[in-house]
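So the protein sequences, as listed, match chains A and B.
Read the first sequence against my numbering and you will find it ends at 125, with the numbers running on by one and no gaps.
Read the second sequence against my numbering and you will find it ends at 250, with the numbers running on by one and no gaps.
Number of protein chains: 2
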Amino acid sequence: MKRPRNTAAKTEVMDLINQSDVALSHSEIQSSLDGLCDRVTIYRILDRLVEEDFIHRVIDIDGGVKYASCHSCQTSHHHNHIHFSCKKCKSVTCIEDVQPSFKLPKQYKVSEVNFTVSGLCPQCA
Amino acid sequence: MKRPRNTAAKTEVMDLINQSDVALSHSEIQSSLDGLCDRVTIYRILDRLVEEDFIHRVIDIDGGVKYASCHSCQTSHHHNHIHFSCKKCKSVTCIEDVQPSFKLPKQYKVSEVNFTVSGLCPQCA
DNA sequence: TTTACAATCGCAACATTGTTGCATTAAATC
DNA sequence: GATTTAATGCAACAATGTTGCGATTGTAAA
């Protein structure tokens, strides 16, 4: 079994995501790290953090991949909540505690829900 | 104002998407066309078809871009319905006539909704 | 503290997806 | 058939993500 290690880069990435109120992309994280580690290393750190359930991936309206730390996940682990993707400032925000409701027909086996609403966030509206 | 033209490639792309019951990616379309036209041309055709409201873009759970012809769009133009993204066969299907319901807090201006449910489709379940 | 193992890293190379500029081709109208 | 300009092909580029491998380093045990 694998034994995760704490490295400077991993800690810094974790802090960045924790301290942000919006989801961050790989390139945004890379800019913030300012050469602390390699581009590839960031990809691997993000993969590991997702794997270890510290963060989760969010897909924005354009298909862009972002990463966020949902605080509600620390208690119960469910990612089935709404994400808001702002068309103007491109920010992606987790809207906690709002559970979308829906019905699926037939024999579909649902395992995950990705509900992204786009438009203008409070700052841009 | 621009005057759209009907070309062999455009017609073929349109047919492919119309005849498919799942959303198709650029590379899938390229494979089907089998050299009928350039890769770049396919991108431009897809952009135009979206622009002309014949097809619409769907983002799957991994952030992949796919294109589908929603038959319900021909009457009333709204894309706010559920898409099902199969984790096994990677197919993306439009679930028509099922409208998700949700509530957003505060000052968010909603203009679009992308509701993707993932899991196993009837074929893979 | 030192050692040893494996997790992590940096670097180079590659793959995929998407975009842009420009000269050429061809569809629709006359 | 001639004209107009939408559409195409090609080359070049950009962004994003992946893989292999030798070097480095965190950490648990000696």
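We put the CB at the ideal spot given by N, CA and C, even for glycine.
When burial is assigned at 16 or more other CB atoms within 10 Å of the CB, is residue i buried or exposed?
i             : result
residue 191/B : buried
residue 214/B : exposed
residue 175/B : exposed
residue 171/B : buried
residue 114/A : buried
residue 23/A  : buried
residue 60/A  : buried
residue 152/B : exposed
residue 110/A : exposed
residue 243/B : buried
residue 127/B : exposed
Sort out for me which residues DSSP pairs residue i with in a bridge.
i             : result
residue 244/B : 110/A and 211/B
residue 218/B : 209/B
residue 181/B : 193/B
residue 24/A  : 67/A
residue 101/A : 226/B
Which same chain residues, not among the five before or five after residue i, have their C-beta less than 7 Å away from its C-beta?
i             : result
residue 120/A : 86, 87 and 88
residue 103/A : none
residue 249/B : 211, 213 and 214
residue 187/B : none
residue 12/A  : 33 and 36
residue 17/A  : 24, 55, 67, 68 and 69
residue 64/A  : 25
residue 169/B : none
Taking 6 Å as the limit between beta carbons, can you name the residues of its chain near residue i, skipping five residues before and five after?
i             : result
residue 233/B : none
residue 84/A  : 93, 95 and 117
Kindly give me the distance between the Cβ atoms of residue i and residue j, rounded to whole angstroms, as I take these residues to be in contact under 8 Å.
i             : j             : result
residue 180/B : residue 193/B : 6 Å
residue 122/A : residue 220/B : At roughly 31 Å, the Cβ-Cβ gap does not stay under 8 Å, so residue 122/A and residue 220/B are not in contact.
residue 129/B : residue 173/B : 7 Å
residue 93/A  : residue 15/A  : Wrong, their Cβ atoms sit about 19 Å apart, outside the cutoff.
residue 226/B : residue 101/A : 5 Å
Ignore the nearest five residues each way along the sequence and tell me which others in residue i's own chain have a CB closer than 8 Å to its CB.
i             : result
residue 155/B : 164 and 167
residue 177/B : 129
residue 144/B : none
residue 75/A  : Unreliable positioning characterises residue 75/A in this predicted model, as indicated by a pLDDT of 48, which lies under 50. The coordinate reading is nonetheless provided below. Once the five neighbours on either side are set aside, residue 75/A has no close Cβ partner at all.
Exercise. Are the stretch 158 to 172 of chain B and the stretch 131 to 141 of chain B in contact at 8 Å, needing three or more beta carbon pairs?
Worked result: yes
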